[in-house]
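K.L.:
One structure follows; several queries about it will come next.
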Amino acid sequence: MNLTYEYTKITKKDDVEVFRPLVDQLFKLQAERAEDKWKPILSSMTIESRLHPDFEAEIFPYADTQLIMVKDEAIDRYVGFAYSTMGRDKKGNLKLYFLEEAYRGKGIGSKLFEDAMEFIEAHQPEEVLIAVSNGNEQALGFYMSKGFRYKSMFMDGMVTLLTNLK
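The numbering of the sequence shown is the working numbering, which starts it at 2 and goes up by one.
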C-alpha cells in the first residue's frame with residue numbers, strides 16, 4: 002500500500018467526475034445498510050441527483066469546497082475521498098465521505114476526516130454538520146467518536162444530522 006492524498010476544489014459539475022466511482026460505491030453501501038423502507042430512495046441516488054443541483058443553482062451555495070482523494074499508487078486507483086463544503090451561511094459540512102473497506106481501521110479514514118475538518122475550521126464556521134444515512138451505524142459511530150453529537154433527524158428519519166456544537 003503506497004497512499005497519496007490529492008487536494009482540489011469542486012467548482013463545477015464536471016469536477017465531480019473524478020470521484021464518481023467512489024460516490025457510486027458510497028451510495029450502494031448506504032442503500033444496503035438502510036432500513037427496507039429507505040432502500041428504494043437511497044438506491045436511486047446518483048451524483049446527478051445529489052451533487053449536480055448545487056451547481057445548477059442560481060447562486061453556488063458554497064463559499065469554498067475541498068475534495069481530498071486517497072490514491073493507492075500500488076494499484077493506481079482511488080480508494081477513498083472526503084468532500085467538504087463551507088456554506089455562505091457560515092456552516093461547514095462534511096458532505097460526502099467514503100473509504101473502501103480494505104483501507105479502514107488503518108488510520109486512513111481518520112486522516113481524511115482530520116484534513117477535511119482542518120479545511121472547514123480554517124473558515125471559522127459557526128457550526129459543522131454531517132448528515133448520516135439511516136442504517137449506517139458504522140459511520141455514525143465514527144463521527145461520534147470524533148466529537149460530533151446528535152442534532153436532529155430529517156426526511157422522516159432517513160437521515161441523522163450531527164453537529165459539532167455541544
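Every residue gets a Cβ at the ideal spot worked out from N, C-alpha and C, and that includes glycine.
1. On a CA-only basis, which of Arg21, Ile42, Lys29, Asp25 is nearest Asp157? Give me that one, please.
2. Can you round the beta-carbon distance between Ala117 and Leu97 to whole angstroms, since I take them to be within the 8 Å contact cut?
3. Taking one C-beta from the segment 49-66 and one from the segment 6-18 each time, how about it: are there three or more such pairs within less than 8 Å?
4. For chain D, is any of its Cβ atoms less than 9 Å away from the one on Tyr79?
5. Just list the residues that DSSP pairs Ser45 with in beta bridges.
6. Report the option in Gln139, Ala35, Lys38 whose CA atom is closest to the CA atom of Gly106.
7. By a C-beta neighbour count over all protein chains shown, 10 Å radius and 16 as the cutoff for buried, is Thr5 buried or exposed?
8. Would you mind stating whether Asn137 and Gln31 have Cβ atoms separated by less than 9 Å?
9. Do Phe82 and Phe56 come within 9 Å of each other at the CB atom, strictly closer than that value?
P.N.:
So, to answer that:
1. Ile42
2. Wrong, their Cβ atoms sit about 10 Å apart, outside the cutoff.
3. By the Cβ rule, the segment 49-66 counts as touching the segment 6-18, because three or more pairs are nearer than 8 Å.
4. Absent here is chain D; the protein component of the structure consists of one chain.
5. Under the DSSP definition of a beta bridge, Ser45 lacks any partner.
6. Gln139
7. exposed
8. yes
9. Not closer than 9 Å, so no.
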